[in-house]
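Reading through the structure tokens given below for one structure.
Protein chains in written order, with the numbering used here: chain A, 1 to 511; chain B, 1 to 511.
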């Protein structure tokens, strides 16, 4: 295990007339003798390091950054510290999630999250890319997210009883656009055919170079991406799930703004990404919201009495409905025959639950008097149509990919489902909709915030950092934007569960 | 040949939907394919480099810094440039001497020199070390020399028709104290037993880090030192003379503020340094001056008529006397029997050439009416005594060193004499004084400013840079400050030519 920053305890012989080696050269020799490591020492650190080394009597502990270009000695301490804090960051489009890790033992010292302050300049990736192209937009986006990270770093340090300036390293896992904006790199080509990032695998740099107020010598390690639509967050998912190390072929599904899917094993990996997410993230439905307080995450409808019960994430009154809630709701509406196989409302089934809205008939999930802010939670046909497109896109992505490698879904040993989607979704409901393949429920395994988990792994071991960098050359990327097969499959998937009902034997077929 | 900065011409395949490699990653792959080199690209250079690479149609020329930690790609040009200017600097205590080199062909584009602006804070090394310890003295010394280098860089660029900001690299060769002050490193321990530098071999750093106004990505490569009294300037002398590569055993003598001496061959090298210089640099004699306009560099005295003729460096009227002039003068005074073997004046030999001074009788070298500023050039007994100590120190250093390795002077194939001292001195006169050993005159070979020559070699080839770094581990350093033998030899050398006249068969002995 070689963390991004590590220590080497050493003892050098003291200088004398017979050994006039310079302080810094003496220290380098001692590090080499104690740890077998050749180190560089940056100009600005030489003075303080030499002073500490002398003051400590030419013995103590060297603090070393493990970088691809070699080891860099950045500090010298008289005593072995008990904590060497470093921050792992999941850099999301809407939220940042982070943990503070003790690099000496891998223990989590604190966890926390913040909103991505870039939201004030645009809720989604495309808006931000366009904003970046105007005036000093790129700089403002950059500064906004750096400010949010600095704030989150302070939160974590407070919780752990540390100081932010003592955080020795940062690892970042995020989508390709978020990484470009963090590094203040022009994202212009990311959203324009042929969708080329400015950089996939940036070399590590100093946190101070981008205005991060961590330890002055803290390096930033960025999880590499594969393309504009396949970011470091998914590389994190692969290493966190172990997809790339298993003998059995498995699949990883990460639904954020896009649906990103990887299938493979330790021999090969193939991946693709497509726009399937908005409805699932709660970003399309009018009452849609992110999984959070007041969000309906679970719905049941009795097919006979049509009684509806729902549960919010915090158990409080409903304010809206999140991705997993919409999947539950639509699946139940289908099983209760309140929508048909084309995903169209059948208001005649229970007219009392429908209201007129400016966009047509809407299904009342929670009535105004029971909702959090006196407004009913209503699912409109527009929302339903978006949901149908999302589920069709998702299933088409999965089938196109699996077909590409000549496999069938039954050949998959596991399907890892990442993120909030994986944590909250009920695979049974997603199968009913024809969104996920009709496999035994034990096949589906949530992997939590695997973007953050990957960033943590990268902090803790060089082997995993090299593994991540190796992955970008190992993964075959399938571009769906120009894939004819995908478009054909998409059409066939716009029914519940599918035009080919034999694909979903466990789902009841009506009509 | 791998210069400190070099270019690689390349052509990459253009991006497409089937090849979504990022711009920076694409460039790295192309460099690897064209030059077999893995490069890093610093964060701040990524944006402009990617933009240039795109604009040039993914073909052109990568500009790469060759650093010990690996190659760093710092620029991308559409066309192969004809000139890649870099600056080699001899960082002297009193003067800076520099050349501008085209790294593409090794040609010298311009040469120049400037005073070391640190002189206003102290003429010699010790004064500056003390000054550095007071308040912001170190910073002021640092800024003074950086300002002088920036000025000199502008001079060179002007002469060569280039811009200072286009200078792509700097190599520096100087004594250990000058290097510490340039790097703004505390020189406190350099002059205090056991005389330990803060650093001998600093890792390369960016010119901008110390305030140098060269190209934004220019690296600074510093010639390593061996100890406080054995600086990078002497390492330069070794590589410039080739002392470390020859089968025959040779010696290198560099007389600056100190006398630094190396003896050896391609198998072994031993070195020492001692205070022998001041008188020889023109720093002790009251009328002493650096070799420059108005400095007497050559003196003849007819032993019979006692007629004295002298020549200044520029052929103009005399203002003072430089090191080689003093050696000539004292040797002639001895041969004319105007001083005795103990180096004491014998005014009775030519009373008309002596005047009374506040320090006693003084020998008039140039009368007031023939001198440049109406003041006579006079050599006093005090000056003479200093000269005698210097020459005794020099010979003692040489004999102590040669004795240390069990050799005799006759075993030396060559004696390289560096610097202005080597350029102007007449070895015959130095032998007369007993300062240099009594060897055939062809043994002595001036090597010019070998400090600058070494810096130039370092700019042009990685092999030579590695050779320099290797030298600091190859050279055995003999500390004279605690050497008993040296003190005994010093006493025996305070006669002209020596107490043991058999050592100098070519020198006439009087009395």
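A virtual CB, placed ideally from N, CA and C, is assigned to each residue, including glycine.
Keep in mind that this is a model prediction, so the values were computed, not measured.
What is the DSSP secondary structure of residue i, reduced to helix, strand or coil?
i                      : result
residue 486 of chain A : helix
residue 298 of chain A : strand
residue 416 of chain A : strand
residue 504 of chain A : coil
residue 200 of chain B : coil
residue 17 of chain A  : coil
residue 517 of chain A : Nothing can be reported for residue 517 of chain A, as the shown portion of chain A is limited to 1 through 511.
residue 476 of chain A : strand
residue 83 of chain B  : coil
residue 288 of chain B : strand
residue 237 of chain A : helix
residue 326 of chain A : helix
residue 281 of chain B : Residue placement at residue 281 of chain B is flagged as unreliable, the pLDDT there being 49, under the threshold of 50; the coordinate-derived value follows with that caveat. In this structure, residue 281 of chain B counts as coil in the three-state DSSP scheme.
residue 232 of chain B : helix
residue 310 of chain A : strand
residue 90 of chain B  : strand
residue 174 of chain A : strand
residue 404 of chain A : helix
residue 271 of chain B : strand
residue 321 of chain A : strand
residue 258 of chain A : coil
residue 380 of chain B : strand
residue 510 of chain A : coil
residue 123 of chain B : coil
Just to confirm before moving on: does the CB-CB distance between residue i and residue j stay below 9 Å?
i                      : j                      : result
residue 167 of chain B : residue 87 of chain B  : yes
residue 174 of chain A : residue 451 of chain A : yes
residue 240 of chain B : residue 457 of chain B : yes
residue 214 of chain A : residue 165 of chain A : yes
residue 52 of chain A  : residue 78 of chain A  : yes
residue 426 of chain B : residue 327 of chain B : yes
residue 322 of chain B : residue 418 of chain B : no
residue 149 of chain A : residue 187 of chain A : no
residue 355 of chain B : residue 330 of chain B : no
residue 151 of chain B : residue 116 of chain B : no
residue 236 of chain A : residue 459 of chain A : no
Buried or exposed for residue i, please, with buried defined as at least 16 other CB atoms from any protein chain shown within 10 angstroms of its CB.
i                      : result
residue 403 of chain B : exposed
residue 40 of chain A  : buried
residue 391 of chain A : buried
residue 221 of chain B : buried
residue 20 of chain A  : buried
residue 282 of chain B : Residue placement at residue 282 of chain B cannot be trusted, given a pLDDT of 47 that sits under 50; what the coordinates show is reported in the next sentence. Buried.
residue 504 of chain A : buried
residue 38 of chain A  : exposed
residue 224 of chain B : buried
residue 3 of chain B   : buried
residue 14 of chain A  : exposed
residue 509 of chain B : exposed
Using the DSSP secondary-structure output, state which residues sit across from residue i in a beta bridge.
i                      : result
residue 10 of chain A  : A:60
residue 251 of chain B : B:263 and B:415
residue 357 of chain A : A:360
residue 73 of chain A  : A:64
residue 95 of chain A  : A:115
residue 205 of chain A : A:220
residue 40 of chain B  : B:72
residue 108 of chain A : A:101
residue 5 of chain A   : A:65
May I ask whether a heavy atom of the ligand ATP can be found less than 8 Å away from the beta carbon of residue i?
i                     : result
residue 19 of chain A : Of ligands this structure carries none, so the ligand ATP is not represented either.
Got a sec: which bits of the region 116–143 of chain B sit with their beta carbon under 9 Å from any beta carbon on chain A, in order along the chain? Residues: none.
For the region 448–479 of chain B, list every residue whose C-beta sits within 9 Å of some C-beta in chain A, in sequence order. So the list reads 472, 477 and 479, given in the order they occur along the chain.
Closer than 9 Å, Cβ to Cβ, to anything on chain A: give me those residues from the region 40–56 of chain B, in chain order. Flagged, chain order: 40, 41, 42, 43, 44, 46, 47, 50, 51 and 54.
Identify each residue in the region 388–402 of chain A for which the Cβ-Cβ distance to at least one residue of chain B is less than 9 Å, and report them in chain order. So nothing in the stretch comes that close.
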